[in-house]
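The working numbering puts the first residue of the sequence shown at 20, with every later residue one more than the last. Don't be surprised by glycine CBs; every beta carbon is placed ideally from N, CA and C. See structure below.
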Amino acid sequence: MMNILFVNACVRQNSRTKHLADEVLARLGGEVTEIDLQQEAIHPLTAATLKKRDSLAAKNDFEDEMFRYARLLAKADKLVIAAPYWDLSFPSLLKVFIESVNVVGLTFAYGENGVPYGLCRADEMIYITTAGGHIVSDEFGYGYLQRQCEMFYGIPHTTCIKAEGLDVVGADVDQILADAKKEIDIKLNGTLSKIHHKGRNNNE
Ligand SMILES: Cc1cc2nc3c(=O)[nH]c(=O)nc-3n(C[C@H](O)[C@H](O)[C@H](O)COP(=O)(O)O)c2cc1C
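Below, the structure is given as structure tokens:
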């Protein structure tokens, strides 16, 4: 059965982003492992945790709890990330998650030429976001995660599901969300029909 890692960076109660993510997960099927970032004791790297991480990684010892998220990412078949559009980007919880999963030797490695290649098995990342206004540029949200997937994790396909204008005065929120669900139908049908041929890393 497909093993889906769901990284939930939604913060508000009754989050519209989470609502759309639930639609995506229902359509994908498979076994879902959720990391609800708000409920996790997840912290930015410090001098002490960075030192510990480097010394364990140098020994190829990834058993420590600090590598739990990276281990989950490395073995997932599909990555689903839900994150509202905050401050032209996403909640900082997601950045802290990225910091904790970009682990040399576990989720990526460096080739002889110094170029990173991925060690994750997932073929696709689906990013779900909603915005109060308009997403000025994908660059700091979806685009950033897309780059992480391509450059570090070796996840070749990425899809973005987004709903915008939800907090604009007079917005028909139900209609915007209904339209986003149609987008999910269209995009996921396309995604699922793709045959993913992929090696374990970008060098293959
Ligand atoms: C802390 C914070 C920052 C936000 N920053 C932006 C922003 O930069 N641009 C924008 O259009 N909306 C912004 N919004 C509005 C959210 O994008 C919008 O309400 C979104 O639908 C929230 O998703 P949710 O319902 O999943 O919580 C922000 C909301 C919050 C709480």
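query: Measuring CB to CB, does LEU138 end up less than 8 Å from ALA93?
result: Taking 8 Å as the Cβ cut-off, LEU138 and ALA93 qualify as a contacting pair.
- request: Count the C-beta pairs between the segment 168 to 185 and the segment 66 to 73 that are closer than 8 Å, then say yes if the count reaches three, no if not.
  value: In short, these stretches do not touch, since the Cβ pair count stays below three.
- request: Look at the Cβ atom of VAL15, then the Cβ atom of ILE61, and state whether they are nearer than 8 Å.
  value: There is no way to answer for residue 15, as the model of the chain reaches only from 20 to 223.
- request: Taking LEU56 as the reference, give the member of PRO103, ASP142, LEU185, THR149 with the closest Cα.
  value: PRO103
- prompt: So, is GLY48 buried or exposed, given that buried needs 16 or more other C-beta atoms within 10 angstroms?
  reply: exposed
task: Could you name each continuous alpha helix (DSSP H) segment of 4 residues or more that falls completely within the segment 69 to 135, going from the start of the chain to the end?
output: Within the segment 69 to 135, the complete alpha helix (DSSP H) runs of at least 4 residues are 87 to 94, 111 to 120.
task: Could you tell me which of GLY162, TYR136, GLY173 sits nearest to ILE147, measuring between CA atoms?
output: GLY162
ASN27, DSSP secondary structure in three states: strand
- prompt: Does the separation of the CB atoms of ILE203 and ARG46 fall below 8 Å?
  reply: yes
task: Using the Cα positions of ILE154 and ILE145, report the straight-line distance between them to the nearest angstrom.
output: If I take the Cα positions, the gap works out to 17 Å.
- request: Over the uninterrupted alpha helix (DSSP H) stretch that includes GLU143, give me the two end residues.
  value: Per DSSP, GLU143 belongs to no alpha helix (DSSP H); it is in the beta strand (DSSP E), 143 to 149.
- prompt: Distance, Cα to Cα, GLY130 vs ALA89?
  reply: So the alpha carbons of these two residues sit roughly 19 Å apart.
- prompt: Going by alpha carbons, who is nearest to CYS168 out of ILE23, ASP157, VAL188, TYR136?
  reply: TYR136
- prompt: Does any heavy atom of ligand 1 sit closer than 7 Å to the C-beta of HIS62?
  reply: no
message: Can you tell me whether LEU185 sits near ligand 1, meaning its C-beta is under 7 Å from at least one heavy atom of the ligand?
response: yes
task: Output the distance between the C-alpha atoms of GLY218 and GLN32, rounded to the nearest integer angstrom.
output: Because GLY218 sits at a pLDDT of 41, beneath the cut-off of 50, its placement in the model cannot be relied upon, and the point is left open.
query: Between LEU207 and the rest of its own chain, which residues show a CB-CB distance below 6 Å, the 5 nearest in sequence each way excluded?
result: ARG46
message: Tell me which residues share the same chain as ILE236 and place their Cβ nearer than 7 Å to its Cβ, disregarding the 5 neighbours each side in the sequence.
response: This structure does not reach residue 236, given that the chain is present from 20 up to 223, and the question cannot be answered.
- prompt: Measuring from the CB of ALA150, is there a heavy atom of ligand 1 at a distance below 7 Å?
  reply: yes
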